Amino acid sequence: MIVIVGLVVLLVAVIVGFMGVLTNAGPAHPLTENFAVFGYHVTGSTGTLFLFGIVVGAVAMLGLCVLLAGARRTAGRGRDSRHQLKRSQRETAFLNQERDQRLEHPPVGAAGGSAVNPQPVPTPRTRIPLLGRFSRARQPTGTAQVAGRR
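Converting from the sequence shown to our numbering requires adding 46 to each position, the first position being numbered 1.
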């Protein structure tokens, strides 16, 4: 609906502009005083001056549209960044809460001691005898036990 209203207003403005230029043209409507813009002297009729006004207004409107589009885009990126930051903060809070719950309630089968770097429990290895040799269980490093022969 707003687009249709905008198109109607634009059409009316174009019609008024053309009528203003056409009705104020010719030798019957000369400029009464000298008119200069940036050193350029405008000569002719009031319709020519009106046409230059329309062109300047259109350029100004185009510049304003570009400015507002850039501001809208920047605001949209900022909004997206804020939403991503909030989502990241929620995820971080959830993960921190979950970590705290795990630290407060250790698993049921955990033994006392350091849960960060538990010592492995040595398990004896059994291998199939190969050519009459039997593999013995490895002793943990740092022990001074000597295995006796049978």
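For every residue, glycine included, the Cβ atom is placed at its ideal position computed from N, Cα and C. For clarity, every value in this text was computed on a predicted model and none was experimentally measured.
Those residues which DSSP pairs with residue i across a bridge
{"i": "His-151", "result": "The partner list for His-151 (beta bridge, DSSP) is empty, contrary to what the question assumes."}
{"i": "Val-105", "result": "Answer by DSSP bridge pairing: none, since Val-105 is not bridged."}
Cβ-Cβ distance between residue i and residue j below 9 Å
{"i": "Asn-70", "j": "Thr-92", "result": "yes"}
{"i": "Val-83", "j": "Phe-98", "result": "yes"}
{"i": "Phe-26", "j": "Gly-122", "result": "Limits of the chain in this structure are 47 at one end and 196 at the other, which puts residue 26 out of reach."}
{"i": "Gly-63", "j": "Ile-100", "result": "yes"}
Nonlocal neighbours in the same chain, by C-beta distance under 7 Å from residue i, ignoring five residues either side
{"i": "Pro-76", "result": "Ser-91"}
Backbone CA spacing between residue i and residue j [nearest angstrom]
{"i": "His-129", "j": "Val-58", "result": "42 Å"}
{"i": "Leu-110", "j": "Leu-131", "result": "31 Å"}
{"i": "Glu-137", "j": "Gln-143", "result": "10 Å"}
{"i": "His-87", "j": "Ala-106", "result": "21 Å"}
{"i": "Leu-141", "j": "Thr-120", "result": "31 Å"}
{"i": "Phe-81", "j": "Ser-127", "result": "51 Å"}
{"i": "Gly-103", "j": "Val-55", "result": "15 Å"}
Cβ-based neighbour list, residue i, same chain, cut-off 8 Å, excluding 5 preceding and 5 following
{"i": "Arg-125", "result": "none"}
{"i": "Arg-118", "result": "none"}
> Unbroken beta strand (DSSP E) runs of length 3 or more, entirely within the segment 65-114: which are they?
Replying inline: Correct list: 81-83 and 86-88.
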